[in-house]
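*Asks:*
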Amino acid sequence: MRDNDLQNLSRTDICLWLDFYGELLTNHTRDVLELHFSEDMSLSEIAENLGITRQAVHDRIRQGTGSLMGFEDKLGLAARFKTQKVFLAEALQALDNGEMTIVREKLQQLNANL
335 MRDNDLQNLS RTDICLWLDF YGELLTNHTR DVLELHFSED MSLSEIAENL
385 GITRQAVHDR IRQGTGSLMG FEDKLGLAAR FKTQKVFLAE ALQALDNGEM
435 TIVREKLQQL NANL
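At position 111 of the sequence shown the residue is numbered 445 (the numbering used here), and the sequence of numbers has no breaks.
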């Protein structure tokens, strides 16, 4: 993964991918990614805490993020989760508005996406 690719990814997506696929990574890679993306630690802080170089942290972040992206490309669990959240939010909004036809439609879409 190139640095440009890493910069174009949202932190939110990476954190979501960590939730879904983090257990598929090595413990060390998962720890580095969680410290950087979830705890918002700098490369220097992570390097100091783990006793490794900044370059090693950078490489681990690139490698780990690339792995997460690959898992998502193949499995698509996070994208599916986001779609289901949208259907559910739309169904709840329609329910609040008393639009039962739309509620039924959104719930059918949600069911089809499961």
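Ideal Cβ positions, reconstructed from N, Cα and C, are used throughout, including at glycine.
How is the alpha helix (DSSP H) around Met-434 delimited, first residue to last?
*Replies:* Translated into the one-based positions of the sequence shown, residue 434 becomes position 100. Unbroken alpha helix (DSSP H) run through Met-434: 434-447.
*Asks:* My parser needs the alpha helix (DSSP H) runs of 4 or more residues fully inside the region 355-396; what are they?
*Replies:* 361-367, 377-384, all fully within the region 355-396.
*Asks:* Roughly how many angstroms separate the alpha carbons of Leu-411 and Glu-357, rounded to a whole number?
*Replies:* Sequence index remark: in the sequence shown, residue 411 carries index 77 (1-based). Sequence index remark: in the sequence shown, residue 357 carries index 23 (1-based). So the alpha carbons of these two residues sit roughly 14 Å apart.
*Asks:* Hey, would you say Arg-388 sits closer than 7 Å to Leu-402, going by beta carbons?
*Replies:* For the purposes of this step, residue 388 is taken as the residue at position 54 of the sequence shown. For the purposes of this step, residue 402 is taken as the residue at position 68 of the sequence shown. Taking 7 Å as the Cβ cut-off, Arg-388 and Leu-402 do not qualify as a contacting pair.
*Asks:* Whose CA, out of Thr-360, Gln-443, Asn-431, lies closest to the CA of Leu-422?
*Replies:* For this step, residue 422 is matched to residue 88 along the sequence shown. It is Gln-443 whose Cα lies nearest to the Cα of Leu-422.
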